[in-house]
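*Asks:* One structure follows; several queries about it will come next.
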Amino acid sequence: MTTGKVIFIFIAVASSRCFIVFSLRLLSGERFCDLTRLPSRQALQSDQFTVLINGYSESRIPILQTVSGVYSSSPSVAAVVVLWGNPATPAKTLVELSHNLSISSPGDAPISVIRQPSSSLNARFLPRPWISTRAVLICDDDIEVDLKSIQFAFNIWRNNPEQLIGLFARSHELDLTSGTWIYTVHPDRYSILLTKFMLMKTEYLYQYSCEGGESMAQARSIVDEMRNCEDILMNFVAANRTRMGPVLVGAKRVRDWGDARNEGGKRRGLRAAGEEVAVGLSSRKKGHRRRRGDCIKQFHRILRKMPLTYSYGKMVDSIGEQGLCEKGGKLVFCDQQFPN
Numbered sequence: 001m002t003t004g005k006v007i008f009i010f011i012a013v014a015s016s017r018c019f020i021v022f023s024l025r026l027l028s029g030e031r032f033c034d035l036t037r038l039p040s041r042q043a044l045q046s047d048q049f050t051v052l053i054n055g056y057s058e059s060r061i062p063i064l065q066t067v068s069g070v071y072s073s074s075p076s077v078a079a080v081v082v083l084w085g086n087p088a089t090p091a092k093t094l095v096e097l098s099h100n101l102s103i104s105s106p107g108d109a110p111i112s113v114i115r116q117p118s119s120s121l122n123a124r125f126l127p128r129p130w131i132s133t134r135a136v137l138i139c140d141d142d143i144e145v146d147l148k149s150i151q152f153a154f155n156i157w158r159n160n161p162e163q164l165i166g167l168f169a170r171s172h173e174l175d176l177t178s179g180t181w182i183y184t185v186h187p188d189r190y191s192i193l194l195t196k197f198m199l200m201k202t203e204y205l206y207q208y209s210c211e212g213g214e215s216m217a218q219a220r221s222i223v224d225e226m227r228n229c230e231d232i233l234m235n236f237v238a239a240n241r242t243r244m245g246p247v248l249v250g251a252k253r254v255r256d257w258g259d260a261r262n263e264g265g266k267r268r269g270l271r272a273a274g275e276e277v278a279v280g281l282s283s284r285k286k287g288h289r290r291r292r293g294d295c296i297k298q299f300h301r302i303l304r305k306m307p308l309t310y311s312y313g314k315m316v317d318s319i320g321e322q323g324l325c326e327k328g329g330k331l332v333f334c335d336q337q338f339p340n
């Protein structure tokens with residue numbers, strides 16, 4: 001296929017609730033950083049957000065169908081887009097995926113499958129002319145979040161639109177012994193949100209992909225070299241703009257299908273070309289923390305600043321009484337209701 005050619009394959013499905021068009025599009029050659037092709041900020045809607053799901057492994061397609069269906073069911077979601085980054089996946093497979101999503105989705109938001117222009121993890125943050133919302137959710141294909149928590153996270157973003165909002169937090173830290181930056185986790189503070197679930201304003205896509213000159217270009221090349229750390233670099237971008245840390249949100253129910261602690265041990269599927277993905281700190285994959293720390297060091301060196309800022313605490317959707325009362329012969333929180 002020649003550069004710049006775009007193929008559209010539409011599969012229309014009628015249901016009693018809606019008529020949804022599912023599309024499979026090849027985007028090679030698009031001028032992603034051409035501002036004249038992007039909608040103005042004033043034209044973006046603020047009452048909904050767009051979901052961008054990273055897809056790569058065919059083995060995770062059954063999970064992807066479940067995850068995309070949940071997002072499609074949220075009234076706050078304008079569209080669900082699967083960004084497929086595996087260049088080896090046959091077009092027929094993606095057409096079948098589009099069809100399966102069309103007949104199995106329980107929601108009203110349209111679902112699209114888009115083949116990425118490359119396998120680069122930077123492609124997760126490309127600005128897209130078809131994004132019509134002020135907020136986007138960057139997420140993985142193996143994270144299932146309940147609808148109430150999705151809505152709560154969006155409500156938090158609407159009150160804090162400049163900050164990154166997410167469910168999975170990590171931290172940077174200066175190792176005083178070696179004098180270098182490291183990647184870690186703290187029980188009481190955080191400075192990095194993961195792209196397992198990262199809600200942010202749409203402008204950050206352009207700022208990540210198109211601004212920052214040669215320095216950001218070098219930083220993005222580190223992401224390609226490491227096949228990792230695009231989430232850390234986005235945290236750099238947001239913190240540099242806001243001079244604030246991200247916001248961690250509590251969820252009622254989050255199912256991480258890719259966590260190595262799941263029964264069966266190894267995480268299924270691949271995230272970047274030929275490389276199995278470590279599951280944050282929980283995977284304990286050899287060298288994972290060190291490599292992520294190397295990214296922080298490289299970004300600091302290239303960008304000549306350390307914008308990452310600590311945040312404390314977690315946003316929760318309710319604050320109940322913490323006192324204990326006896327109910328049914330058990331000690332429970334006093335405001336917890338049990339049927340008689």
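In the working numbering, the protein residues as written are 1 to 340.
Backbone N, C-alpha and C define an ideal beta-carbon position, used for all residues, glycine too.
Remember, predicted model here, so these are calculated numbers, not experimental data.
(1) So what's D231 in DSSP terms, helix, strand or just coil?
(2) Do V185 and G250 have their CB atoms nearer than 8 Å?
(3) Could you name the residues that DSSP lists as bridge partners for G69?
(4) DSSP state of G29, grouped into three classes?
(5) Quick one: is A169 buried, meaning 16 or more other Cβ sit within 10 Å of its Cβ, or exposed?
(6) Would you call Q163 buried or exposed, if buried means 16 or more other Cβ atoms sit within 10 Å of its Cβ?
(7) Looking at I302 and S215, is the spacing between their C-beta atoms short of 8 Å?
(8) Considering only their Cβ atoms, is the gap separating V95 from T50 smaller than 8 Å?
(9) Have a look at the DSSP bridge pairing and note the partners of H172.
(10) Would V247 pass as a contact of S318 if the rule is Cβ separation under 8 Å?
(11) Of all the options Q151, E173, N240 and Q218, which has the alpha carbon lying nearest to the alpha carbon of L199?
(12) Which residues in the same chain have their Cβ closer than 7 Å to the Cβ of L194, if we skip the five residues on either side of it in sequence?
(13) Keeping to the same chain, check which residues put their C-beta closer than 6 Å to that of K314; ignore five residues upstream and five downstream.
(14) Could you round the C-beta distance between S68 and S105 to whole angstroms and report it? I think they count as a contact, below 8 Å.
(15) Decide if T202 is buried, meaning its Cβ has at least 16 other Cβ atoms within 10 Å, or exposed.
(16) Starting from the C-beta of Q207, find all residues in its chain whose C-beta is less than 8 Å away, skip the five residues before and the five after it, and write them out in chain order.
(17) Taking all protein chains shown into account, decide if T177 is buried (16 or more other Cβ within 10 angstroms of its Cβ) or exposed.
(18) At the level of alpha carbons, what is the spacing between K148 and Y71?
(19) Tell me which same chain residues have a C-beta within less than 7 Å of the C-beta of S120, skipping the five on either side of it?
(20) Look at the alpha carbon of W84 and the alpha carbon of Y56, and state the distance between them as a whole number of angstroms.
(21) When the Cα atoms are used, what is the spatial distance from Q218 to C334?
(22) Where does N86 land, buried or exposed, given buried means 16+ other C-beta within 10 angstroms?
(23) By the 10 Å Cβ neighbour count, where 16 or more other Cβ atoms means buried, how is D188 classified, buried or exposed?
(24) List, from N- to C-terminal side, the beta strand (DSSP E) runs of 3 residues or more that fit wholly inside the stretch 93 to 145.
(25) Along the chain, where does the beta strand (DSSP E) that runs through A79 open and close?
(26) Here's the rule I'm using: 16 or more other beta-carbon atoms within 10 Å means buried, otherwise exposed. How should N228 be labelled?
(27) Below 8 Å between beta carbons: does that hold for C295 and M234?
*Replies:* Here's the rundown:
(1) helix
(2) Against a cut-off of 8 Å, the Cβ pair of G250 and V185 comes out as no contact.
(3) Among the bridge pairs identified by DSSP, G69 is matched with none.
(4) Bear in mind that a pLDDT of 40 at G29, under 50, signals an unreliable position, so the number given afterwards is only what the model happens to contain. It is coil, neither helix nor strand.
(5) buried
(6) For Q163, the number of other beta carbons within 10 angstroms of its own is at least 16, and it is reported as buried.
(7) Yes, these two residues count as a Cβ contact at 8 Å.
(8) No, the pair does not count as a contact, with Cβ atoms beyond the cut-off.
(9) Y183
(10) no
(11) Q151
(12) G166, F168, R170, D231 and G280
(13) L248 and G250
(14) 7 Å
(15) buried
(16) V237 and R241
(17) Exposed, because fewer than 16 other Cβ atoms sit within 10 Å of the Cβ of T177.
(18) 11 Å
(19) Once the five neighbours on either side are set aside, the close Cβ partners of S120 are D224.
(20) 6 Å
(21) The straight-line gap from Cα to Cα measures roughly 55 Å.
(22) Using a 10 angstroms sphere on the CB of N86, the tally of other CB atoms reaches 16 or more, which defines it as buried.
(23) exposed
(24) 111 to 115, 133 to 140 and 143 to 145
(25) V77 to W84
(26) buried
(27) no
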